[in-house]
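Structure first, commentary second.
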């Protein structure tokens, strides 16, 4: 494939007009592109029409067109001289509740130029979506939230372009993947009904929108493709994640798990996709244990306990003195406690096995993970029985959701070909630890595939080929979203999953406790 | 048909959302409309999305939608409460080089509310299109021309709405029919190449454009449908005229003639349409005879000569004292001169038959049409031999064009079922006179159908039904535009047509000279 003609850029030579062939400039161009793209529907904007006649004559009827696609319709976004070397850049955005990540890529080669991220400025209104949606109900609230995110994006765009020696005008296409609420706030759509039964978004398919209409400072002709959603609780970020994982292209049934406060789960293959979301509990994010925090510099993300001497070894992000522990570290820790016999199958501390690490604060038992002398905070980093209980509820919820969704399609968790784990959690988690505590099913370790920022990954793909745009629509239309029915069966599963690794150890044949107890 | 659901307005009841049916607001609405309109492509704008959730809940899921169509795609222009009685108004515009006419109509009933017109403010740049196109080449010239017409339209819209007790915001749809050059100036498109071989417009199909993008002050959601063109010399005004005449719906072959400085001619039926344009000479508009002028108050538009006493009787527009004579009056006059023997079959004055009416000014023979004592100018209104020669060239050109185009499709002028005559010319012309001088073919008088402002008529129809929008596209795609080949055969025809009524009197059996000569 000629780079100049890959993806969205097509160089076409038009027949020169004559008295016998006096078709108008735009119609001549569209006719050539229709043949090239084998389509019947190509649109062009007034802005571009106004520049077209000079442009096609100056380039002697051979022009380079930047096209984008919205469902069945192609749109001519820009037309330049065929020899012009101006950068044609796209921006993929993962529009997170907490963090927003942008990625510039070269639209003619598909190559990534640079990534950048910033804290969602809406955090100043509220850390969680619920607070922001309530704030949006106030007079001017939605406008304020919308302005915060748009200004934040515009600052990032300006900075990113400056650092890459590009102009913001070089950005012609954007793709935006966010959860349904963030997408609403980004578009200035009223999010009020998203959180009220029966949880109705304003739109499931925002489609292609002019960047200027959104207030985004890119090229005036730029278009933004906003990922569709399946509902209030299953947003474009997850559809981008599915696209990125390839779940929807697999012959074999696989599962994708995205864990935050909610665990979002998709199971399926190229023929079908079933999704559900459930509260996984907050143990896996910051805020619960006094030392629990999100992944970041100085946060413990890996822990091991030596079976020989019960010595703790840990790894922190950036190798800094430990300041806290994130979800994946917590899981490692719980797994080590369990395998070493420091906690029993109910997750309760076994004082005889904890030794000098056991301490008591305010009448509650704690295990000292990092003594004050080694910590980055100057105080002991500890884990309490309550923290462990909370983690166990989360891991039980996680496993129950997986068991329920697999059971609903008539397969066992162990029959899953691939287990995709999205996000930061997926990047840092040690599957062996998660299996040890019965959080994830006992699959061969190489079945686990961390995806990293799959939302950004999917948004990037959307800027690489129109085939992916079609796939996005197909994913959206294929997904069956099921409400988790919290009935007696679910509760039974949940109770069984609250043990380590489970009441039925045959589900976890690989888990071997090494405590000599 | 329920008025509320006629044309562009559709009232739909949406199923209320439930946990089992949690489709988004916009998608729910679009789904209902897709079923109703039996289509697969319905779009909605961001502006409207932002207002949608409140709107559909306040109207309890029964809403009135205003839709418009652009080729295969429907667009939701506005959504209101089903019981809302706000006026929904459309504006049809005949975008003339000299005069612009606007017409407000009620989009729910299709009824005309009011018409208004104004002189095209671009007249201050130049009376003709050519001057304006050259002006557009100057720095800022196109912007100035564009601003003039847009401001003129906005003033008319404001005034028209005020006089009808409507708000400009009540206007949601516009349809604009103008010649190709005026359409370019209206859209701010470069007209430079329209007048340079091979005469290429910027676009043949402007389609649907947001009124705000054009600078038009109507409802912010309003859309303008701009008539397509076949080329530089066959514009949207003529396509509107064809639509209005119904030429394209007839079984029998008919002809449509629009006479200005150019004569534009379309011949065809429901199966085919062939068009051409030729210089008809300026005799039929103002500027040639010293008394020749455009139709307007005090202008003679009908003349007769009494065979008994050779007395002239005339009729002026508005019944005012005569100030000049327009094309239709000139034709009447020439016919009367000829039938009474005052001019011969070459169109030369016959002094013996002219009597006291003959006079000489600056060495040239004139006939006094209105003596100074009866005229509105205080001077004699006269016609010179030169004026008559000029008229005869025009009438010969007209007949030659008709004879050439009918011959090109293998029929004789007398076989035409209907002869549509557009514009002011068509309104005032007396077919009997035009036949007498051999300008129009000798068809039964009731074959001649004056159309009045057919451009405005077609623009009005475009706002009444999407079936007409489809017809407009079909007309455009069906027309074969032929260049009049001025070869020897054409010149022979022209020479023969320079006689009154023709060298071959069998072509005009109804024409009987009553002069006793």
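Chains as they are written, first to last, in the working numbering: chain X, 85 to 601; chain W, 85 to 601.
Using N, Cα and C, we set each Cβ at its ideal position, and we do this for glycine too.
Keep in mind that this is a model prediction, so the values were computed, not measured.
Among the candidates the options, whose CA atom is the shortest distance from the CA of residue i?
i, options, result
"residue 501 of chain X", "X:315, X:216, X:331 and X:114", "X:331"
"residue 132 of chain W", "X:134, X:272, X:228 and X:148", "X:272"
"residue 304 of chain W", "W:129, W:108 and W:525", "W:129"
"residue 190 of chain X", "X:200, X:598 and X:176", "X:176"
"residue 206 of chain W", "W:181, W:578, W:411 and W:197", "W:181"
"residue 360 of chain X", "X:563, X:559 and X:511", "X:563"
"residue 448 of chain W", "W:457, W:458 and W:467", "W:467"
"residue 520 of chain W", "W:188, W:425, W:97 and W:211", "W:425"
"residue 297 of chain W", "W:524, W:270 and W:384", "W:270"
"residue 469 of chain W", "W:443, W:480, W:188 and W:457", "W:443"
DSSP has residue i in a bridge; who is on the other side?
i, result
"residue 233 of chain X", "Bridge partners of residue 233 of chain X: none, in fact."
"residue 149 of chain X", "X:94 and X:163"
"residue 138 of chain X", "BP columns for residue 138 of chain X are empty, so no partner."
"residue 534 of chain X", "X:505"
"residue 186 of chain X", "X:177 and X:200"
"residue 471 of chain X", "Answer is none; residue 471 of chain X lacks a bridge partner."
"residue 158 of chain W", "W:126 and W:153"
Taking all protein chains shown into account, do 16 or more other C-beta atoms lie within 10 angstroms of the C-beta of residue i, making it buried, or fewer, making it exposed?
i, result
"residue 594 of chain W", "exposed"
"residue 485 of chain W", "buried"
"residue 548 of chain W", "buried"
"residue 101 of chain X", "buried"
"residue 585 of chain W", "buried"
"residue 575 of chain W", "exposed"
"residue 358 of chain X", "buried"
"residue 560 of chain W", "buried"
"residue 441 of chain W", "buried"
"residue 249 of chain W", "exposed"
"residue 390 of chain W", "exposed"
"residue 92 of chain W", "buried"
Using only the alpha-carbon positions, how far apart do residue i and residue j sit?
i, j, result
"residue 530 of chain X", "residue 111 of chain X", "54 Å"
"residue 382 of chain W", "residue 346 of chain W", "25 Å"
"residue 115 of chain W", "residue 116 of chain X", "34 Å"
"residue 126 of chain X", "residue 160 of chain X", "7 Å"
"residue 320 of chain W", "residue 258 of chain W", "14 Å"
"residue 461 of chain W", "residue 455 of chain W", "10 Å"
"residue 302 of chain W", "residue 235 of chain X", "30 Å"
"residue 341 of chain W", "residue 349 of chain W", "5 Å"
"residue 508 of chain W", "residue 552 of chain X", "57 Å"
"residue 587 of chain X", "residue 322 of chain X", "32 Å"
"residue 34 of chain W", "residue 213 of chain W", "Residue 34 of chain W lies beyond the range of chain W shown here (85 to 601); nothing can be said about it."
"residue 429 of chain W", "residue 315 of chain W", "38 Å"
"residue 566 of chain W", "residue 268 of chain W", "22 Å"
"residue 108 of chain X", "residue 139 of chain X", "14 Å"
"residue 527 of chain W", "residue 591 of chain W", "10 Å"
"residue 504 of chain X", "residue 337 of chain X", "11 Å"
"residue 216 of chain W", "residue 287 of chain W", "19 Å"
"residue 194 of chain W", "residue 327 of chain X", "49 Å"
"residue 380 of chain W", "residue 403 of chain W", "11 Å"
"residue 295 of chain W", "residue 494 of chain W", "45 Å"
"residue 145 of chain X", "residue 293 of chain X", "29 Å"
"residue 240 of chain X", "residue 202 of chain X", "7 Å"
"residue 245 of chain X", "residue 218 of chain W", "41 Å"
"residue 578 of chain X", "residue 431 of chain X", "15 Å"
"residue 280 of chain W", "residue 433 of chain W", "41 Å"
Listing by chain order, which chain B residues have their CB less than 7 Å from the CB of residue i?
i, result
"residue 110 of chain W", "You won't find chain B in this structure, because its protein chains are X and W."
What are the residues of the segment 283-301 of chain X that lie near chain W, defined by any Cβ-Cβ distance shorter than 7 Å? 283, 284, 285, 286, 287, 288, 289, 293 and 297
Chain X contacts from the segment 87-106 of chain W (Cβ-Cβ distance under 7 Å): 101, 102, 103 and 106
Beta carbons nearer than 8 Å to chain W: which residues of the segment 249-272 of chain X have them? 271 and 272
Compile a chain-ordered list of the residues in the segment 117-143 of chain W whose CB is closer than 9 Å to at least one CB of chain X. 124, 125, 127, 128, 129, 130, 131, 133, 134, 135, 136, 137, 138 and 141
Which residues of the segment 553-569 of chain X have a Cβ closer than 9 Å to any Cβ of chain W? Give them in chain order. 565 and 567
In the segment 345-362 of chain W, which residues sit with their C-beta less than 7 Å from some C-beta in chain X, listed in chain order? none
Using a Cβ-Cβ cut-off of less than 7 Å, list which residues of the segment 300-321 of chain X approach chain W; keep chain order. 315
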